[in-house]
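In this note's numbering, the protein residues as written are 3 to 344. Note that the Cβ used here is the ideal one computed from N, Cα and C, for glycine as well. A quick note: this is a predicted structure, and the numbers were derived from the prediction, not measured. Only one structure is covered here, and it is reproduced in the block below.
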Ligand code: BTN
């Protein structure tokens with residue numbers, strides 16, 4: 003009901019809509035309308051109330067609220083159900099609980115901040131206010147070994163959103179970090195840090211996919227996506243600052259987080275539908291086009307293997323092919339990659 007009240011007020015933003023009109027259109031009493039309006043105000047909506055004229059929506063809170071994400075969202079699957087938290091331990095943990103209880107595909111969990119954000123390989127993920135910390139629940143008909151494909155479609159969705167909405171060069175570092183190629187970097191010269199026009203890749207988004215599977219069946223996949231949107235890099239722990247960036251930092255202005263979230267869900271859904279319809283080949287093609295890894299000298303750590311060489315290809319399973327100095331071709335399916343200066 004609150005969503006419907008908001009939509010009516012939204013259509014005539016800053017004008018007054020009478021309690022009578024709302025009550026007639028929605029089929030509930032004026033007292034019930036008043037109660038919902040109070041609740042919306044409690045959530046941070048600025049709504050003016052005037053006895054004679056009714057209610058007028060002045061501003062919406064700068065939060066990733068479900069009503070805001072759902073408004074004009076052009077998806078069929080993603081965002082059907084949205085759980086929002088001002089603070090949570092980890093959106094992935096909550097989404098896993100929902101998935102185990104049988105929630106339908108497309109549900110999402112979003113939080114303004116996470117106290118225990120999880121990164122890949124058991125690392126912590128710093129999640130201050132201003133970022134997008136979101137988990138998407140899907141139930142794809144794939145083999146458990148194909149789950150990395152879900153991470154790749156998410157990375158593609160994030161990178162495409164950044165490219166479409168802003169004049170920024172977003173790339174994917176194998177397997178699924180989204181990086182922005184900044185035009186200005188800092189270099190050490192004569193013992194001092196100086197600003198220099200160089201091209202450096204910095205991480206703007208990380209993805210952690212977790213799944214529930216039995217033998218050959220995937221029950222659910224939770225794709226956890228963390229994007230640094232409106233974040234001052236100084237909020238991150240010192241050790242990450244050099245290689246991390248945010249959209250705000252790159253653009254020099256704050257962005258509309260709700261708009262970003264909607265567009266990102268739409269992009270990811272498009273890639274998900276493409277994967278269902280045409281398989282992995284077209285996804286792989288798109289991925290290769292914006293790879294920050296291919297053609298670069300890299301150092302890869304995969305389990306206890308450390309491989310240095312040139313990243314030359316990504317095969318049909320998503321594995322990275324590296325050509326070592328000795329001319330040997332090595333293949334890794336999972337791991338961490340560092341881009342070296344070419
Ligand atoms: C990485 O290490 O690069 C992956 C980071 C994934 C972070 C996101 S934020 C939303 C979701 N919830 C979590 O606890 N982690 C993921």
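Practice prompt. Could you check what DSSP says for residue 222 in three-state terms: helix, strand or coil?
Written response: Translated into positions along the chain shown, residue 222 becomes position 220. Residue 222: strand per DSSP, three-state reduction.
Item to complete: Can you check DSSP and say which residues form a bridge with residue 153?
Response: The count along the chain shown starts at 1 and reaches residue 153 at position 151. As DSSP reads the structure, residue 153 sits in no beta bridge.
Worksheet item: Which full runs of the beta strand (DSSP E) of 3+ residues lie inside the stretch 242 to 311, going along the chain?
Response: For the stretch 242 to 311, whole beta strand (DSSP E) runs of length 3 or above, ordered along the chain, are 299 to 304.
Item to complete: Using only the heavy atoms of the ligand BTN, determine whether one of them is closer than 7 Å to the beta carbon of residue 304.
Response: Taking the chain shown and counting its residues from 1, the one referred to as residue 304 is at position 302. Residue 304 Cβ: outside cutoff for every heavy atom of the ligand BTN.
Discussion item. Does the beta-carbon of residue 40, which I'm using as the reference point, lie nearer than 7 Å to any heavy atom of the ligand BTN?
Written reply: Within the chain shown, residue 40 is the residue found at index 38, counting from 1. Outside the cutoff, so no.
Item to complete: With a threshold of 7 Å, establish whether the CB of residue 237 neighbours any heavy atom of the ligand BTN.
Response: Locating residue 237 in the chain shown gives position 235, counting from the first residue. No, the beta carbon of residue 237 sits no closer than 7 Å to any heavy atom of the ligand BTN.
Worksheet item: Span of the beta strand (DSSP E) holding residue 340?
Response: Numbered from its first residue, the chain shown carries residue 340 at position 338. Under the DSSP assignment, residue 340 falls in the beta strand (DSSP E) whose first and last residues are 338 to 341.
Worksheet item: Taking one C-beta from the stretch 310 to 322 and one from the stretch 333 to 341 each time, how about it: are there three or more such pairs within less than 8 Å?
Response: Yes: at least three Cβ pairs fall under 8 Å.
Worksheet item: Around the C-beta of residue 3, are 16 or more other C-beta atoms found within 10 angstroms, so that it is buried, or is it exposed?
Response: As a working mapping, residue 3 is identified with position 1 in the chain shown. When all chains shown are included, residue 3 counts as exposed.
Worksheet item: alpha helix (DSSP H) containing residue 11: first to last residue?
Response: Here residue 11 is taken as the residue at index 9 of the chain shown, counted from 1. It spans 4 to 13 - the alpha helix (DSSP H) in which residue 11 sits, taken as one unbroken run.
Discussion item. On the DSSP bridge list, what partners appear for residue 163?
Written reply: Stepping through the chain shown from its first residue, residue 163 is reached at position 161. Bridge partners of residue 163: none, in fact.
Worksheet item: Which class does residue 89 belong to by DSSP, given the choice of helix, strand or coil?
Response: By one-based count along the chain shown, residue 89 stands at place 87. DSSP, read as helix, strand or coil, puts residue 89 in strand.
Item to complete: May I have the straight-line CA-CA distance separating residue 104 from residue 273, to the nearest angstrom?
Response: Residue numbering aside, residue 104 sits at position 102 when the chain shown is read from its first letter. Residue numbering aside, residue 273 sits at position 271 when the chain shown is read from its first letter. C-alpha of residue 104 to C-alpha of residue 273: approximately 24 Å in a straight line.
Discussion item. Helix, strand or coil, according to DSSP, for residue 36 in the structure here?
Written reply: Taking the chain shown and counting its residues from 1, one reaches residue 36 at position 34. Annotated three-state conformation of residue 36 is helix, per DSSP.
Fill in: Outcome for residue 60 when other beta-carbon atoms lying within 10 angstroms are tallied against a minimum of 16
Mapped onto the chain shown, residue 60 falls at position 58. Exposed, because fewer than 16 other Cβ atoms sit within 10 Å of the Cβ of residue 60.
Discussion item. With distance defined between alpha-carbon atoms, name the residue in 32, 259, 170 and 45 nearest to residue 136.
Written reply: Translated into the one-based positions of the chain shown, residue 136 becomes position 134. Nearest C-alpha to residue 136 among 32, 259, 170 and 45: 259.
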